[in-house]
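Colleague:
Protein chains: 2
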Amino acid sequence: MKDTKLLEGIEISDEKEDLICYSYDASYAKGTIPEFVAWPKSSEEIVKVVKWATNRGLKMLPRGAGTGMAGGAIPINSRTVVISLERMREVLEINSKNFTATLEPGVINGELQKELMIYGLFYPPDPASMDYCTIGGNVATNAGGPRAIKYGVTRNYCLAIEVVLSTGTVLTLGGKTFKRVTGYEMKELFIGSEGTLGIISKITVRVLPQPEEVITLLISFNSVESAGKSVSEIIGSGIIPRTLEFLDSSCLSLIEKNFELGLPTNVEAMLLVELDGEITSIKRQGEKIVDIARKFNGEAKIATDYYSRENLWKARRSISPCILKMKDKEKINIDIAVPIDSLSKTFVKLNELSNKSNIPIISFGHAGDGNIHVNILVEKSNEEEKKQGFEMVKKIFEFTVSIGGAISGEHGIGITKKPYIDIQLEKKQIELMQAIKRVFDPKGFMNPGKIF
Amino acid sequence: MKDTKLLEGIEISDEKEDLICYSYDASYAKGTIPEFVAWPKSSEEIVKVVKWATNRGLKMLPRGAGTGMAGGAIPINSRTVVISLERMREVLEINSKNFTATLEPGVINGELQKELMIYGLFYPPDPASMDYCTIGGNVATNAGGPRAIKYGVTRNYCLAIEVVLSTGTVLTLGGKTFKRVTGYEMKELFIGSEGTLGIISKITVRVLPQPEEVITLLISFNSVESAGKSVSEIIGSGIIPRTLEFLDSSCLSLIEKNFELGLPTNVEAMLLVELDGEITSIKRQGEKIVDIARKFNGEAKIATDYYSRENLWKARRSISPCILKMKDKEKINIDIAVPIDSLSKTFVKLNELSNKSNIPIISFGHAGDGNIHVNILVEKSNEEEKKQGFEMVKKIFEFTVSIGGAISGEHGIGITKKPYIDIQLEKKQIELMQAIKRVFDPKGFMNPGKIF
């Protein structure tokens, strides 16, 4: 029944077709079909859904576009109402004097970027799924993206949020100023909380003036290690590019197969470097980078015009969906973050694990800030290989933590990484997090079974 | 008794001379003499002090250099042991490849800056007290500084902390990577928690490569409003200077009186603007700023050499101590943060309040990010005027919150702003903060009576 009578005029459904759509996300996780999906249109409507759900003992799962990579937005309890924020898509205010934008949670990241462009502004966080993913989901996972190396992640731009707690309380956390020390910054807890603390119903972000110019460099290398060393040296030289993306040879083949951009497929690794700022200054930086690349036998090309650059990024952003399309293969994808000086070591380790097991690994990601997306490709119907794949995940996480890294850089824990959380966090920390959850959601209504 | 026998070799004192030194900070708040001061030299020693204190029912107050402006480091319960982190001053690691520095909490901000300079690096947060204040204190108050407009505050650079809780538990929160989404980021709660959650015993910060060049501009204006409007237009033009400091005429007179730098004292307001980056690009930015200033009848001068620049900053940083030295006057100092587009409005309001009451207000601060230090100067022995002064504080805070601002940008709440916290935060938020405190410090040993 798709209905607006059930819940004081709020659109809600228990039709199977609707429910199935809301039982998966972009991860390999498998969830349960929820009992209801609701589409509130305002904070007031969210409060009504919350009260309605808690009265019925229903769990609640807030959801943006479902582009999450860790299963955070997948119901795992059938007595769940998915609270979809898709109908809350309004850009409430763009203040070009105060450099802030106030948004409903369902605003698409890419749509915001387009609107900001008119004002000569931009919002730095740019997850690969930016054409689909919502700002609410970005906050809930502390989303990053290629530009994080220079500009930081969602946490660095989220100034204020309005949240609806499972108790029905509505709070505004943070404010419109860039500086603020007024007690515990509870907003920071909600950033990356994956819907487990409350429902984010409004967001104010900081935005920046658009840079004058952008230069894009494509550099090919004959070895993964040389690419890794170049990354370290570029960063070490004092240049902070706005992106420094790494693609391995399997990535490049995959892109060429799907897009035919004319990328070299006979190289071992490629860096996609972008510089932004004033033209004279980024030209000089570009020359410096070309020199560094040469030292490691890297060959650089410059993509000058807007369209070739956009095509390149379109291709880069499509890697994940492309991998999903591979027949007979299932991808186990994880995103790790390692200290920048351990990048080469990490690539070597990944190669070693792949060679030893004969299971292909496609690696790409944000080399500049040590955030690597690792895709382990296992045969679809080979249960033994799948098991081996998950053992590799465990080994990669153990290695990551042993060198001071994080088992998730920008995807979150959700359910896919939950089995490994104790590699990262000691028991006491998990207990403290659980206690924090109880402060905001005493009866455990919000997205239960996620993270820990 | 100054002793190392009392507490397993840890230096501790109950001598009056010692205790008195630890009963005040840089604020106008008046505290109580504590029962003990302890100077642990390691995390292990901190744990021992914590166990010793809790066994005796003593409250604990972690303290850096005591340069805080809100009374956060002042004991208000006589049964307190002040835990001074002054003896934990080691820079444990500077990693110029990973762009991180790991520090003991008692490391002086300015000392860190000097060490980093050798590596061609710098740590952006630069509170005015940087030559004295400690990194631990900086984290505990989420300290900012003039460079925050371009580079952000302590929160943006603090990657990991080790904390000792009042339960004796030692936790490492965060890690050495720039990206990380692994459950609730509890580290963020400790940043700005003013010693109320636990004792910060180790810190890893992100550092940046030094910019190629710095240009300093001094711009004088005939009206406070023109200065405010210039700030808005400079920021609006897309330039992000590394500092954009505002000084009013009383500030300038004060500096001239104490330093004789040859600053014009017949102007109404002055902006101190710094640009950093590649020389060609900041030169262009400098020209643009001069043009903007001219539109508002501002007159610009360039301080080219290192020493004249350093003198200027020395003077800027000394304003607070200079005000303290004023005979017959007591300063009630507050730091507010307002949305940038409300700067002019705020200056006008402050002038209005001062004129109406005939109580002088000296304003200065970080105009670029809307963070203004407001000093209300009342007669030392005039209790009636003091009362009036505190009424002004309340009015300024109410105004600040009404325009979407924060009652503290970088000083914290401590005890001086505690009476006003409910202007900023609704009751429910304070209750949630208190519940969070109980999660980390169930028996209320840590710095009780502060913030809320």
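In order, the protein sequence lines correspond to chains C and H.
By the UniProt record's numbering, the letter at position 312 of the first sequence is numbered 312, and the numbering carries on one by one without gaps.
By the UniProt record's numbering, the letter at position 53 of the second sequence is numbered 53, and the numbering carries on one by one without gaps.
From the three backbone atoms N, C-alpha and C, an ideal C-beta is built for every residue, glycine too.
#1: Listing by chain order, which chain H residues have their CB less than 8 Å from the CB of T169 (chain C)?
#2: Taking C-beta to C-beta, are G409 (chain C) and G144 (chain C) nearer than 8 Å?
#3: Assuming S250 (chain H) and P360 (chain H) form a contact by the criterion Cβ under 8 Å, report the distance between their Cβ atoms to the nearest whole angstrom.
#4: Would you kindly report the start and end of the unbroken alpha helix (DSSP H) that includes E111 (chain H)?
#5: Can you tell me whether P442 (chain H) is buried or exposed? The criterion is at least 16 other CB atoms within 10 Å of its CB, across all chains shown.
#6: Taking Cβ positions only, does R63 (chain H) come closer than 8 Å to chain C?
#7: K394 (chain C): which of C:H411, C:F452 and C:N333 sits nearest, CA to CA?
#8: Name the one or two DSSP bridge partners that D248 (chain H) has.
#9: Go through the segment 314-348 of chain C residue by residue and report every complete run of the beta strand (DSSP E) that reaches 3 residues or more, in order.
#10: Express the C-alpha separation of S43 (chain H) and K437 (chain H) in angstroms, rounding to a whole number.
#11: Roughly how far, in whole angstroms, is the beta-carbon of P105 (chain C) from the beta-carbon of L85 (chain C), given that I think they are within contact range, below 8 Å?
#12: Among the residues of its own chain, which have a CB less than 8 Å from the CB of N142 (chain H), if the five just before and after it don't count?
#13: Assuming S27 (chain C) and M69 (chain C) are in contact, meaning their beta carbons sit under 8 Å apart, how far apart are those beta carbons, in whole angstroms?
#14: From what residue to what residue does the alpha helix (DSSP H) around S232 (chain C) run?
#15: For residue 531 (chain C), would you say it is in contact with chain H, using Cβ-to-Cβ distances shorter than 8 Å as the test?
#16: Rounding to the nearest angstrom, what Cα-Cα distance links Y420 (chain H) and T102 (chain H) in this structure?
#17: Do you know how far the Cα of E8 (chain C) is from the Cα of E274 (chain H)?
#18: Taking DSSP's pairing of strands, which residues face L61 (chain C) in a bridge?
#19: Are the Cβ atoms of I403 (chain H) and S342 (chain H) separated by less than 8 Å?
#20: Is the Cβ of G31 (chain C) closer than 8 Å to any Cβ of chain H?
#21: Look at F440 (chain C) and L197 (chain C) and say whether their C-beta atoms are less than 8 Å apart.
#22: Taking only beta carbons into account, state which residues of the segment 221-250 of chain C come closer than 9 Å to chain H, listed in chain order.
#23: Measuring alpha carbon to alpha carbon, tell me which residue in H:V348, H:G72 and H:L272 is nearest R316 (chain H).
#24: Exposed or buried, L171 (chain C), counting other C-beta atoms within 10 Å across all chains shown (16 or more means buried)?
#25: Could you give the C-beta distance for E213 (chain H) and D276 (chain H), rounded to a whole number, given that I count them as a contact under 8 Å?
#26: Do G298 (chain C) and S230 (chain C) count as a contact pair if the criterion is CB distance below 8 Å?
#27: Residues of chain C with CB closer than 7 Å to the CB of D341 (chain H), please, in chain order.
#28: If you measure from the beta carbon of D369 (chain H) to each beta carbon in chain C, is any gap under 8 Å?
#29: Does the beta-carbon of K418 (chain C) have 16 or more other beta-carbons within 10 angstroms, so that it is buried, or is it exposed?
#30: Looking only at C-alpha atoms, which of C:K51, C:Y24, C:A227 and C:A293 sits nearest to A65 (chain C)?
#31: Looking at the C-beta of P146 (chain H), does it have a partner C-beta in chain C at a distance below 8 Å?
#32: Determine the DSSP secondary structure at S274 (chain H), reduced to helix, strand or coil.
#33: With 8 Å as the limit, tell me which residues of the segment 328-340 of chain C have their beta carbon closer than that to any beta carbon of chain H; keep them in chain order.
#34: In three-state DSSP terms, what is E104 (chain H)?
#35: Distance cutoff 8 Å, beta carbons only. Does F347 (chain C) sit that close to anything in chain H?
#36: Is there at least one Cβ from chain H nearer than 8 Å to K295 (chain C)'s Cβ?
Modeller: Taking the geometry as given:
#1: Within chain H, the residues near T169 (chain C) are K428.
#2: yes
#3: The beta carbons of S250 (chain H) and P360 (chain H) sit about 6 Å from each other, so the pair counts as a contact at 8 Å.
#4: N109 to I118
#5: exposed
#6: no
#7: C:N333
#8: H:A269
#9: As far as the segment 314-348 of chain C is concerned, its whole beta strand (DSSP E) runs of at least 3 residues are 329-337.
#10: 21 Å
#11: 4 Å
#12: V153, T154, R155, I191, G192, E410 and G412
#13: 5 Å
#14: V224 to G236
#15: In the structure displayed, chain C extends from 1 to 452; residue 531 (chain C) sits before or after that span and is not available.
#16: 36 Å
#17: Approximately 56 Å, taken between the alpha carbons.
#18: C:V82
#19: yes
#20: For G31 (chain C), no CB of chain H lies under 8 Å from its own CB, so it is not counted at the interface with that chain.
#21: yes
#22: S232, I235, G236, S237, G238, I239 and I240
#23: H:L272
#24: Using a 10 angstroms sphere on the CB of L171 (chain C), the tally of other CB atoms reaches 16 or more, which defines it as buried.
#25: 7 Å
#26: Yes.
#27: N95, K97 and N98
#28: yes
#29: buried
#30: Nearest of C:K51, C:Y24, C:A227 and C:A293 to A65 (chain C), Cα basis: C:Y24.
#31: no
#32: It is worth fixing the name first, because residue 274 (chain H) is Glu in this sequence and not Ser. In the structure shown, E274 (chain H) sits in a strand (DSSP, three-state: E or B).
#33: For the segment 328-340 of chain C, the set of positions with a beta-carbon nearer than 8 Å to some beta-carbon of chain H reads A337, V338, P339 and I340 in chain order.
#34: coil
#35: No, F347 (chain C) lies away from the interface with chain H (no Cβ there is under 8 Å from its Cβ).
#36: no
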